[in-house]
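Input: a single structure, listed below in structure tokens.
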């Protein structure tokens with residue numbers, strides 16, 4: 001090949017080629033008849049370049065479209081709280097003090113598109129892929145400890161209400177609160193989301209939760225219910241809507257920038273990982289169901305037990321390959337960890353993996369970011385779009401892609417996996433859980449948040465509900481009064497709606513009220529509620545939250561006076 005006289009010296013190893021390995025000698029002009037054209041059909045280099053460009057995007061995620069990935073490790077203590085980890089789980093990553101497990105984490109916003117603002121009011125995804133010696137473990141959670149709904153059949157509905165209107169393509173408060181006003185279980189999540197916790201100042205300054213209830217299984221097969229928590233060592237910080245608007249006016253990607261630059265300058269973010277443990281049965285003594293993902297487990301009754309520290313220390317090398325194509329799923333568990341019967345968890349387990357196959361492709365688990373990096377992979381799966389290898393074991397007969405076989409095919413693992421969960425009996429039915437108690441945990445959160453968070457919550461609710469139709473406003477004020485007098489009366493004052501205006505509203509069709517709810521309804525707005533956090537004890541997420549400014553966020557959150565979340569309580 002003749003040397004390009006315009007090539008800089010010393011660049012022979014950086015010659016531009018196409019995917020076939022052919023050197024490109026002219027990347028400036030198509031092949032044409034004369035200098036003015038027309039272009040010819042055999043324009044192979046141009047056609048290869050433009051057709052690939054036309055396909056550079058894969059379908060964006062329906063939810064969690066905008067996100068940012070980085071890498072790190074989890075270093076465990078070998079204990080769960082003060083007890084050996086082996087008492088509760090046989091999962092190898094938790095067993096030995098000082099053991100480090102590499103991981104990838106993807107932070108994200110939920111509702112907005114791939115190029116949307118990172119300071120929109122929205123739950124934040126907090127999804128971790130642990131590359132363990134027993135294969136991958138995905139813990140797919142959020143920055144808020146609860147969710148809007150408790151049954152996965154309602155997931156398309158809640159997301160449709162939060163997404164843009166199919167006609168105007170605007171996110172409309174009237175659509176959101178139309179759905180929420182008919183979904184009383186959402187009051188706890190709304191009380192989180194429309195407080196400052198709905199706009200974290202950065203990904204580094206927010207908590208993470210598994211949200212759903214899982215199980216741990218020990219070597220004897222005994223099971224316990226478990227909730228996962230991550231608490232940032234740099235403390236929590238959030239924005240008001242006003243400050244968020246100022247950030248958004250200058251930078252749509254402030255959270256990704258903050259995280260990327262912190263890692264690049266060696267300021268590695270850390271989170272304390274803890275769990276809550278509960279015996280594996282239905283706990284009839286509780287006023288709520290431990291499998292209900294609209295509820296937290298009060299920490300005064302189910303204390304946090306520290307298990308290790310997560311450190312993030314490396315950025316991606318390519319955003320598309322490692323962020324757009326990373327694929328998480330709640331069904332990705334290792335030996336010693338298991339599902340509970342949480343209705344949302346069961347639905348998510350099907351939906352997430354189904355989504356990845358549609359969005360990324362049949363062989364998405366062969367991509368480097370999704371591969372099991374520290375465990376051997378040997379399957380009888382083959383073919384499918386974009387397959388580039390078979391998962392053969394050493395010595396496996398490549399002619400045998402089925403099991404069982406006596407001709408050097410794959411065989412079942414010999415390890416025993418005892419699992420002795422409680423026996424469950426019941427009728428096959430379509431019904432809601434019995435212990436709904438939709439207002440008590442929202443009341444606990446309202447009473448245990450900081451004063452500035454409560455004021456901001458009321459302002460946000462009043463501002464957005466003022467854009468809604470009157471019937472939606474009335475029902476939402478009714479719900480807030482069922483939660484707490486102060487909550488409903490203050491939001492109602494902004495809207496010009498009093499307790500007397502909504503007192504005659506009946507409960508929703510099929511809504512089940514507790515005896516306490518019925519008493520509150522009789523005295524709606526006059527229940528003598530007090531705001532006393534001491535009554536509730538330590539409440540999940542009720543830790544100090546720094547009120548960040550736009551200038552601090554745009555400046556990289558440097559010298560912000562926060563402290564580790566596990567050492568703080570709200571005042």
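Residue numbers (full-length UniProt numbering): 1 to 571.
Each residue gets a CB set at the ideal place from its N, CA and C atoms; glycine is no exception.
The structure displayed is predicted, hence computed values, not measured ones.
Residue range of the beta strand (DSSP E) that includes residue i
i: residue 131; result: 124-132
i: residue 214; result: 214-217
i: residue 101; result: 100-109
i: residue 237; result: 236-238
i: residue 229; result: 223-232
i: residue 279; result: 270-279
i: residue 559; result: Looking at the DSSP string, residue 559 is not in any beta strand (DSSP E), and its letter there is neither H nor E.
i: residue 547; result: 545-547
Secondary structure of residue i, DSSP reduced to three states
i: residue 73; result: strand
i: residue 570; result: With a pLDDT of 49 at residue 570, under the threshold of 50, the modelled position of that residue is not reliable, and no figure is offered here.
i: residue 23; result: strand
i: residue 14; result: helix
i: residue 628; result: In this structure the chain extends from 1 to 571, so residue 628 is not present and cannot be described.
i: residue 444; result: helix
i: residue 156; result: helix
i: residue 1; result: Note on residue 1: pLDDT 43, under 50, position unreliable in the model; no value is reported.
i: residue 310; result: strand
i: residue 439; result: coil
i: residue 425; result: coil
i: residue 150; result: coil
i: residue 473; result: helix
i: residue 315; result: strand
i: residue 338; result: strand
i: residue 84; result: strand
i: residue 395; result: coil
i: residue 163; result: coil
Residue i, enclosing alpha helix (DSSP H) - first and last residue
i: residue 492; result: 485-495
i: residue 615; result: With the chain represented from 1 up to 571, any question about residue 615 goes unanswered, as that position is not in the structure.
i: residue 574; result: Outside the shown range of the chain (1 to 571) lies residue 574, about which nothing can therefore be said.
i: residue 244; result: 241-248
i: residue 502; result: 499-502
i: residue 140; result: Element bounds for residue 140: not the alpha helix (DSSP H) but the beta strand (DSSP E), 135-142.
i: residue 49; result: 44-54
i: residue 257; result: 254-264
i: residue 193; result: 187-193
i: residue 554; result: 550-554
i: residue 178; result: 173-181
Expected contact under 8 Å - CB spacing of residue i and residue j to nearest Å
i: residue 578; j: residue 208; result: Residue coverage of the chain in this structure runs from 1 to 571, which leaves residue 578 outside it and unanswerable.
i: residue 197; j: residue 541; result: 7 Å
i: residue 548; j: residue 245; result: With 8 Å as the limit, residue 548 and residue 245 do not qualify as a contact, their Cβ atoms being about 14 Å apart.
i: residue 274; j: residue 118; result: Actually they are not in contact, since the Cβ atoms of residue 274 and residue 118 sit about 26 Å apart, beyond 8 Å.
i: residue 468; j: residue 173; result: 6 Å
i: residue 148; j: residue 183; result: 7 Å
i: residue 411; j: residue 418; result: So it is not a contact: roughly 20 Å between Cβ atoms.
i: residue 584; j: residue 280; result: Only positions 1 to 571 of the chain appear in this structure, which leaves residue 584 out of reach.
Cβ neighbour criterion (16 or more within 10 Å) applied to residue i
i: residue 235; result: buried
i: residue 511; result: exposed
i: residue 466; result: exposed
i: residue 233; result: buried
i: residue 402; result: exposed
i: residue 204; result: buried
i: residue 386; result: exposed
i: residue 519; result: exposed
i: residue 16; result: exposed
i: residue 55; result: exposed
i: residue 571; result: The pLDDT assigned to residue 571 is 46, lower than 50, so where the model puts this residue is not dependable, and the model offers no usable value.
i: residue 84; result: exposed
i: residue 543; result: buried
i: residue 94; result: buried
i: residue 484; result: buried
i: residue 445; result: buried
i: residue 130; result: buried
i: residue 141; result: buried
i: residue 523; result: exposed
i: residue 179; result: buried
Test: residue i CB closer than 8 Å to a CB of chain D
i: residue 527; result: No chain D is part of this structure, which consists of one protein chain only.
Notebook entry, point to check: Are at least three pairs of beta-carbons, each pair with one atom in the region 389-396 and one in the region 157-168, less than 8 Å apart?
Noted result: no
Checklist line | Three-pair Cβ contact test at 8 Å for the region 317-335 versus the region 344-362 | finding: yes
Note to self: When you compare the region 205-221 with the region 331-344, are there three or more beta-carbon pairs, one atom per stretch, that lie closer than 8 Å?
What the structure shows: yes
Check: Taking three-plus beta-carbon pairs below 8 Å as touching, is the region 300-319 in contact with the region 264-278?
Finding: yes
Notebook entry, point to check: Does the region 436-445 touch the region 478-495, meaning 3 or more C-beta pairs lie closer than 8 Å?
Noted result: yes
Note to self: For the pair the region 60-72 and the region 25-35, tell me if three or more CB-CB distances fall below 8 Å.
What the structure shows: no
Item checked: Cβ pair count under 8 Å reaching 3, the region 289-307 against the region 528-537 -> yes
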